[in-house]
Amino acid sequence: MLTFSFARISFATMMHLSAHPGTLLEMSSSFCRRGLQQNRYFPILLFRILEAKEKLEGIINQTKEQTTYCLGMPSHNSKKAIHDDDDAEFEKMKIEIEASQENALSLCTEKVLLAQQACELKQRFHQMNQLFFLHSL
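For the sequence shown, the positions run -8 to 128 when this note's numbering is used.
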């Protein structure tokens, strides 16, 4: 059985395969199985992107609230006295905001990687359809 990668199919290769229908027919069942396997992962990837987006929105909203709260706290330059409790609370918020920013960056990176995987699956499926179209000519 011939193994074949969909990732880099040139037009010349597609023309060669269409000229040799036996080879293409032999590959068709393998292509169908791979295509079905790849396409069942597409909705899963989209769902994971949506989950990451929702988590990211929550982190962004939480960070906005924390930042607004910190901006409302008396600063060292203000005439209001700062107590040790306020200073400790400010430092705690600062650490939480920094951690939230790191989580947001991580989720953004995850979304990009998932989107790249989804695009690659879509491209492979499109190339597989082109091969079958050439075979049917």
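Even for Gly, the Cβ is constructed at its ideal location relative to N, Cα and C.
Every value quoted in this text rests on a predicted model; they were computed, and no experiment measured them.
A distance below 8 angstroms separates the beta carbons of residue 91 and residue 54. Residue 59 has its alpha-carbon roughly 12 angstroms from the corresponding atom of residue 85. Within the same chain, Cβ atoms closer than 8 angstroms to the Cβ of residue 109 are found at 33, 36, 37 and 40, the five residues on either side in sequence being excluded. Counting C-beta pairs with one atom in each stretch, the segment 42 to 51 and the segment 113 to 124 have fewer than three that are closer than 8 angstroms, which means they do not touch. The alpha-carbon of residue 106 is positioned some 14 angstroms away from that of residue 115. Note on geometry: alpha-carbon atoms of residue 65 and residue 77 lie some 8 angstroms from one another.
Taking a C-beta distance under 8 angstroms as the contact criterion, residue 101 and residue 57 do not qualify as a contact pair. Distances from the CA of residue 89 to each of 99, 50 and 30 were compared; the closest alpha carbon is that of 50. Here the C-alpha atom of residue 82 lies approximately 13 angstroms from the C-alpha atom of residue 62.
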